[in-house]
Amino acid sequence: MQHDVLIQEIQGWLLDETLRDPDIVSLFASLCARLRAAGIPLDRAALTWPTLHPLFQAEQIYWRRDSGTQFHQYRHDAGMSEAFLASPFYHVISNQISRLRRKLSGPEALRDFSVLDELQEQGYTDYLLTSTTFRIARVERTRHTATGILASWSTRREDGFSDDDIVALSRIQKVFAVACHAAIQMRVMQALGEAYLGRIAADRIFAGEARLGDGAEIRAVVWYSDLRGSTWLSGHMSPADYLDYLRNYYACTAEPVLAQGGEILDFIGDGVLAIFPVKGDLGGPEAVRAATRAMEGALDCLETYRRNPENPEMQFSISLALGDVMFGNIGVPTRLSFSAIGEVVNTVARIDDLSKTVGRSVLATEAIASVEPDLWLPIGPANLTDHDRPLPLYAPRCGRDIFDEDQLRSRFLARLAG
Numbered sequence: 157m158q159h160d161v162l163i164q165e166i167q168g169w170l171l172d173e174t175l176r177d178p179d180i181v182s183l184f185a186s187l188c189a190r191l192r193a194a195g196i197p198l199d200r201a202a203l204t205w206p207t208l209h210p211l212f213q214a215e216q217i218y219w220r221r222d223s224g225t226q227f228h229q230y231r232h233d234a235g236m237s238e239a240f241l242a243s244p245f246y247h248v249i250s251n252q253i254s255r256l257r258r259k260l261s262g263p264e265a266l267r268d269f270s271v272l273d274e275l276q277e278q279g280y281t282d283y284l285l286t287s288t289t290f291r292i293a294r295v296e297r298t299r300h301t302a303t304g305i306l307a308s309w310s311t312r313r314e315d316g317f318s319d320d321d322i323v324a325l326s327r328i329q330k331v332f333a334v335a336c337h338a339a340i341q342m343r344v345m346q347a348l349g350e351a352y353l354g355r356i357a358a359d360r361i362f363a364g365e366a367r368l369g370d371g372a373e374i375r376a377v378v379w380y381s382d383l384r385g386s387t388w389l390s391g392h393m394s395p396a397d398y399l400d401y402l403r404n405y406y407a408c409t410a411e412p413v414l415a416q417g418g419e420i421l422d423f424i425g426d427g428v429l430a431i432f433p434v435k436g437d438l439g440g441p442e443a444v445r446a447a448t449r450a451m452e453g454a455l456d457c458l459e460t461y462r463r464n465p466e467n468p469e470m471q472f473s474i475s476l477a478l479g480d481v482m483f484g485n486i487g488v489p490t491r492l493s494f495s496a497i498g499e500v501v502n503t504v505a506r507i508d509d510l511s512k513t514v515g516r517s518v519l520a521t522e523a524i525a526s527v528e529p530d531l532w533l534p535i536g537p538a539n540l541t542d543h544d545r546p547l548p549l550y551a552p553r554c555g556r557d558i559f560d561e562d563q564l565r566s567r568f569l570a571r572l573a574g
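Our numbering puts the first residue of the sequence shown at 157, with every later residue one more than the last.
Structure, rendered in structure tokens:
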């Protein structure tokens with residue numbers, strides 16, 4: 157066969173890449189370039205796979221000889237578009253076909269999918285689609301399809317792919333699927349690790365810090381937020397409505413933390429524990445400013461939420477402190493949690509308790525307020541549980557965080573009745 161020796165070399169390269177934890181986008185781009193170098197007239201290719209991800213149901217790479225690669229992710233809430241339902245991809249999936257070929261020009265042309273007409277208009281003459289199924293994690297089927305990969309290959313050569321080209325592309329599919337399987341598994345592991353552990357914790361664990369006690373002492377701004385009146389509220393709402401209420405609360409408190417580069421360590425009931433690590437000797441002010449921006453974003457989100465008269469009333473607290481924490485594995489050897497412990501973590505929890513009585517939902521220590529003093533108003537020293545000396549505390553000078561818990565309940569009941 158015309159391509160035998162070079163295809164064997166590409167197969168060997170793919171097996172080597174499988175052992176090197178390949179990046180799937182770079183892997184696909186390199187494969188397409190190597191196939192062209194082997195004499196296969198490849199001008200366009202696409203690789204698609206369903207994935208296991210909190211946000212995305214599928215991922216896709218487009219490669220074009222004249223413009224390189226493009227990577228796309230498709231969200232769970234996007235559903236299946238009409239274009240996808242009318243595509244050869246869906247036809248192959250729904251009919252469990254392993255290979256589909258269509259000539260796009262000449263006497264043998266068959267363009268029974270609208271995308272093939274588009275490809276023909278762009279000068280492509282031949283199209284091959286191959287499918288290989290494999291299990292991702294322990295998932296054999298997603299909501300729409302079996303797990304695995306779909307790869308399409310197109311050429312602009314006047315007479316299309318030769319028989320040897322088709323054989324070569326079909327031969328490469330299985331070995332390529334093995335390499336993709338390794339790359340997709342790693343992507344899934346990384347995505348789930350970040351979703352359930354946080355990006356920083358996941359990176360440390362995958363780098364080898366997987367034993368009880370592994371970790372390091374770091375300096376960080378510690379953030380603790382808590383939903384006000386949650387016990388009372390849960391008794392006045394249906395479980396479904398309360399879960400939706402919590403979703404809005406987390407959108408206001410957790411998402412601004414992530415948007416400013418913070419790391420959420422844990423959801424403790426309806427509390428959010430997060431850190432903004434100090435990076436380098438001079439990184440303290442930057443971490444404080446990031447936490448302050450997150451706090452302001454949370455208050456912005458709350459104001460937007462309250463503008464909708466159909467939303468139940470909401471109030472939450474935010475406590476901020478700067479200090480040294482032990483960031484690492486705690487628990488027992490067979491059940492670990494990667495979290496932060498230390499005096500400053502206990503301090504923000506005690507500050508949060510105090511916010512229930514002072515009528516300010518945002519409180520910060522002097523180390524936080526000193527970075528941008530114009531933004532903060534001193535509210536005097538406070539006696540905290542388990543602290544020997546009173547601790548100076550500050551609230552936002554703007555006053556947007558002022559609240560009254562009795563009024564909170566009254567407004568909640570009024571909106572609930574209305």
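Built from N, CA and C at the ideal position, the CB exists for glycine as well.
I'd like to know whether the C-beta atoms of residue i and residue j end up nearer to each other than 7 Å.
| i | j | result |
| --- | --- | --- |
| K259 | D273 | no |
| C336 | I305 | yes |
| P537 | P529 | no |
| A396 | V413 | no |
| I558 | F483 | no |
| V434 | A366 | no |
| H159 | A324 | yes |
| R327 | G279 | no |
| I196 | D315 | no |
| N485 | D370 | yes |
| L455 | R556 | yes |
| A242 | S270 | yes |
| T303 | P210 | no |
| I420 | G364 | no |
| L285 | V248 | yes |
| Y380 | D508 | yes |
For the beta strand (DSSP E) that residue i lies in, which residues bound it at each end?
| i | result |
| --- | --- |
| P552 | 547 to 552 |
| V518 | 518 to 521 |
| A430 | 427 to 433 |
| T204 | 200 to 206 |
| G224 | 224 to 231 |
| I253 | No beta strand (DSSP E) holds I253; DSSP gives it neither H nor E. |
| S390 | Note, S390: premise wrong, no beta strand (DSSP E); alpha helix (DSSP H) at 386 to 390. |
| R220 | 212 to 220 |
| D412 | The identity of residue 412 in the sequence shown is Pro, whereas the question assumes Asp. Careful: P412 lies outside any beta strand (DSSP E), inside the alpha helix (DSSP H) at 395 to 415. |
| L383 | 371 to 383 |
Write down the C-beta distance between residue i and residue j rounded to the nearest angstrom, noting that I regard them as a contact closer than 8 Å.
| i | j | result |
| --- | --- | --- |
| D222 | S310 | Not confirmed; about 13 Å, so no contact. |
| V514 | A477 | Incorrect: roughly 16 Å between the Cβ atoms, too far for contact. |
| A523 | Y550 | The pair is not a contact, with the Cβ atoms about 10 Å apart (cut-off 8 Å). |
Where do the N-terminal and C-terminal ends of the alpha helix (DSSP H) with residue i fall, by residue?
| i | result |
| --- | --- |
| N502 | 499 to 514 |
| G440 | 440 to 462 |
| I361 | 355 to 362 |
| A239 | 238 to 241 |
Check the DSSP bridge columns for residue i and list the partner residues they point to.
| i | result |
| --- | --- |
| D422 | L429 |
| N485 | F494 |
| T311 | D282 |
| K259 | D282 |
| A302 | R297 |
| A333 | Paired residue(s): none; A333 is not in a bridge. |
Any C-beta of chain C sitting closer than 7 Å to the C-beta of residue i?
| i | result |
| --- | --- |
| A450 | Checking the listed chains, one finds no chain C in this structure; it contains a single protein chain. |
(message) In chain order, what are the residue ranges of uninterrupted alpha helix (DSSP H) at least 4 long that sit wholly in the stretch 263 to 295?
(response) Counting only unbroken stretches of 4 or more residues, the alpha helix (DSSP H) elements lying wholly within the stretch 263 to 295 are 270 to 277, in sequence order.
(message) Threshold first: 4 residues or longer. Then list the alpha helix (DSSP H) segments lying entirely within the stretch 160 to 190, N to C.
(response) Those alpha helix (DSSP H) runs which fall completely within the stretch 160 to 190 and span 4+ residues are 160 to 174.
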